[in-house]
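J.:
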Amino acid sequence: MSRTPAVISTSIVLLGIWFSLTLSTDIQEITLGVVVSLIVAIATHGALTGNLFTLLNPRKGLAAINYVFYFLGQMVKANIDVFLRIFRPVIPIKPGIVKARLTIKSERAKAIVANSITLTPGTITIDIIGDEIFVHWVFLPSGDVHAETQAMVDSFAGRLEKIFE
Amino acid sequence: MSFMDILAHVFTGLGALVLFASGLGVFRMPDVFNKMHAGTKATTLGSVLFLIGLGLFEPSWMPKLLLIVLFIILTNPVSSHALARAAYNEPSEKPDNLLIDDLEESKGGAQ
Amino acid sequence: MSSTFLIILFVLIGGGLFLSFLRLILGGKATDRAVALDTTTLITTGFLVLVAFLQGRSMLLDVALVYSVLSFLGVLAIARYLDGGLR
Amino acid sequence: MNMTLLAAASIGTGVMMLVAAVAALVVRKLISAIIIVGFVSLSASVLFLLMDAPDVAITEASIGAAISTVIFLWGRGKIGGEE
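Protein chains in written order, with the numbering used here: chain A, 87 to 251; chain B, 812 to 922; chain C, 8 to 94; chain D, 71 to 153.
(1) Write down every uninterrupted run of the alpha helix (DSSP H) in the stretch 826–859 of chain B whose length is 4 residues or greater and which is fully enclosed by it, in chain order.
(2) Could you work out which residue in B:L860, B:A827, B:L876, B:L909 is closest to A:M161 when comparing CA atoms only?
(3) Consider the Cβ of B:V837: report whether some Cβ of chain C lies at a distance smaller than 8 Å.
(4) By DSSP, does A:V184 sit in helix, in strand, or in coil?
(5) Apart from the five residues on each side of it in sequence, which residues of its chain come closer than 7 Å, Cβ to Cβ, to D:V110?
(6) Alpha carbon to alpha carbon, how far is B:W872 from C:L83?
(7) Closer than 8 Å, Cβ to Cβ, to anything on chain C: give me those residues from the stretch 876–903 of chain B, in chain order.
(8) Given a cut-off of 8 Å, decide if A:D167 and A:G253 are closer than it, judged by their beta-carbon atoms.
(9) What is the DSSP secondary structure of D:V97, counted as helix, strand or coil?
(10) D:I106 CB to nearest chain C CB: under 8 Å?
(11) How many whole angstroms separate the CB atoms of A:E234 and A:P227, which I take to be in contact at a CB cut-off of 8 Å?
(12) If you draw a straight line from the alpha carbon of C:G22 to that of A:T90, how long is it in whole angstroms?
(13) Going by beta-carbon coordinates alone, are A:V184 and A:H131 separated by less than 8 Å?
(14) Compute the distance between the beta-carbons of C:L4 and C:L67, then report whether it is under 8 Å.
(15) Measuring straight from C-alpha to C-alpha, what distance separates A:G102 and B:E916?
(16) If the cut is a Cβ gap below 7 Å, which residues of chain C does B:H820 touch?
(17) Hey, is C:R87's beta-carbon within less than 8 Å of any beta-carbon in chain B?
(18) On the three-state DSSP scale, how would you describe A:V168?
(19) Taking one C-beta from the stretch 120–137 of chain A and one from the stretch 813–821 of chain B each time, how about it: are there three or more such pairs within less than 8 Å?
(20) Can you give the Cα-Cα distance for A:I212 and A:K196, rounded to whole angstroms?
(21) Looking only at DSSP bridge pairs, what is A:D213 linked to?
(22) Quick check on C:D39: does DSSP put it in helix, strand or coil?
(23) Could you check what DSSP says for C:G21 in three-state terms: helix, strand or coil?
In structure tokens:
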């Protein structure tokens, strides 16, 4: 029964997807949607979203909102960076793969950090082995490369830790 | 012209520009990982801006467009990650212009 | 939407599509082509939504959704193959 | 106006599809040919959509992008060897 909150939050998310696909308020459609989303959520043990009810805790909810806005800002910055880079006559690149350490333990959080790093300025994630993350820089930062990379990874992982405890 | 209309024009125009930039980046960048920088970041934000801009023109389409946007944001880094691993692990595909390569040492040490 | 703005949108998206298509054809290595295929399909998704908007039929949005899902699956299959075979 | 743009888009997609099909024939590595064939069937799906057949376009996208690519890759793996 410890999976019940996860199953319920997964079925709510699936029901939202169902509504935005059908866009209908017919009672038959809604009933079918509820039944199908419950079946899928129970069959997958709620693995799609995990327990979303922890976000109702105001501190964690604020942390999640903070993370989303930080991520959107970084995404816009990344595109300005790409934009300024590719319209030059000679593209300035100085590539390299740098290792950093992840302090966060949960697998879901690791996946979120890796995907966020892929969408932020100048970096993509190549691989995660254990708790080490390997980041590819299009233009290596000046100064201590490892410290800069670690600071960049921590800026995401630190914000996520507040959500995942 | 209402405020919403201007916003929709700005969003679609910027989105199309960013999508063009992603095509140009994929064409011009020298090796796989750098192509991926243009191909992932620019297409994600470009699609998001473009689809939301069209959704502002036609508000009844917004839910379905938001679903496509959510799907693109969730899956685009995943396919990029899979391609990056493939490009690194296959010796004939790996680019040779890396200045620092920590992953090489780490894999060499493990085996 | 004025027609000049529409032409600008078409030219920008078609140009991006064409450039990534050129990279797909001219290639380099196999992974270069795979990255170009990924970019091409994502730009095409935007293009399909633009076509749906021009024709004013919301059914064409479903095609764009299915297209983006399936192209993701195709790229993932190619990446898995390049990373040591489909297992 | 709209019709002109859509006709231009159809012609452009058709030309790209033809060029890609020829390129799939002349390209040297088999895996590159499989990737380009994936693009050919995806652009066939776009062409179906531009010709007012969204249901055929969905079918073509699912067959061309997902199933035929996976089957080609699977067969390529079964054959083994280089080239």
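Ideal Cβ placement from N, Cα and C applies to all residues, glycine included.
T.: This is what the structure holds:
(1) 843–848
(2) B:L860
(3) yes
(4) strand
(5) M87, A90, A91, A94
(6) 29 Å
(7) L876, L878, I879, F882, I883, T886, N887, V889, S890, S891, A893, L894, R896, A897, A898, N900, E901, S903
(8) As displayed, chain A neither begins before 87 nor continues past 251, which places residue 253 of chain A out of reach and without an answer.
(9) coil
(10) yes
(11) 4 Å
(12) 50 Å
(13) no
(14) Nothing can be reported for residue 4 of chain C, as the shown portion of chain C is limited to 8 through 94.
(15) 46 Å
(16) F12
(17) yes
(18) helix
(19) no
(20) 13 Å
(21) A:F220
(22) helix
(23) helix
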